[in-house]
Every structure is written in C-alpha cells, then in structure tokens.
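These notes are about the structure you will find just below.
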Amino acid sequence: MDHYDAVQALHKSLPSFTPYVSASLLPHIALVLLVSTFALAFYFSTLPKDSVPIREAAVASLASILGGFGVVALFCTVGVNV
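Numbering of the sequence shown is given in this note's numbering, commencing with residue 1 and proceeding in unit increments.
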C-alpha cells in the first residue's frame with residue numbers, strides 16, 4: 001500500500017497535460033490535409049500509366065499518409081480523441 005501512496009503522490013505532483021498542437025488548430029489542419037488528399041487522389045487518377053510505377057506509388061503513398069493524419073485530426077476535432 002505504501003508503493004501505491006507514493007505513486008499517487010507522484011501523480012498529483014505532475015503538471016497537467018498540454019497538447020503540442022492547439023485544439024483550435026485541429027479543424028484547419030484536418031481541412032488542409034483532407035483537401036490535399038483529394039487533390040493528390042485526382043492527380044493520381046490522371047497520371048499516365050508507366051511500366052515502373054514509382055511516381056504512382058509515391059503519389060498514392062503521400063495521399064494515404066495525408067489522409068490518415070487528416071482523419072485523425074478530424075476525429076480529434078469532434079471529440080473522439082485517438
């Protein structure tokens with residue numbers, strides 16, 4: 001029980017959590033990331049087909065990463081903290 005009391009005292013002495021990115025910026029970040037995802041998806045669909053699809057894979061990967069972070073920012077905006 002003494003260990004629990006020590007951990008509880010340590011927990012109470014720590015400063016409160018402050019996020020790196022302000023919550024008021026999350027809607028704007030989500031908008032920018034998701035709009036750029038849709039723009040890259042349109043660009044990906046209009047690329048000429050190459051025999052070695054390096055450029056296609058790069059554009060699709062970038063769009064996927066931006067879309068993932070955009071969805072997380074959108075979820076955090078509406079209160080679903082992931």
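All C-beta atoms, glycine included, are put in the ideal place defined by N, C-alpha and C.
Practice task
Give the secondary structure of Gly79 by DSSP, where H, G and I count as helix, E and B as strand, and everything else as coil.
Solution key: coil
Problem - Proximity below 8 Å, CB of Ala63 to CB of Ile29 - result: no
Problem - Ala58 versus Phe69, Val71, Gly68, Leu40, residue with shortest Cα-Cα distance - result: Leu40
Exercise for the section: Would you grab the beta carbon distance between Gly68 and Leu34 for me? Rounded to a whole angstrom, and I think it's under 8 Å. Expected result: A Cβ-Cβ separation of about 10 Å leaves Gly68 out of contact with Leu34 under the 8 Å criterion.
Practice task
For the alpha helix (DSSP H) holding Ser13, just list the boundary residues, first then last.
Solution key: 2 to 13
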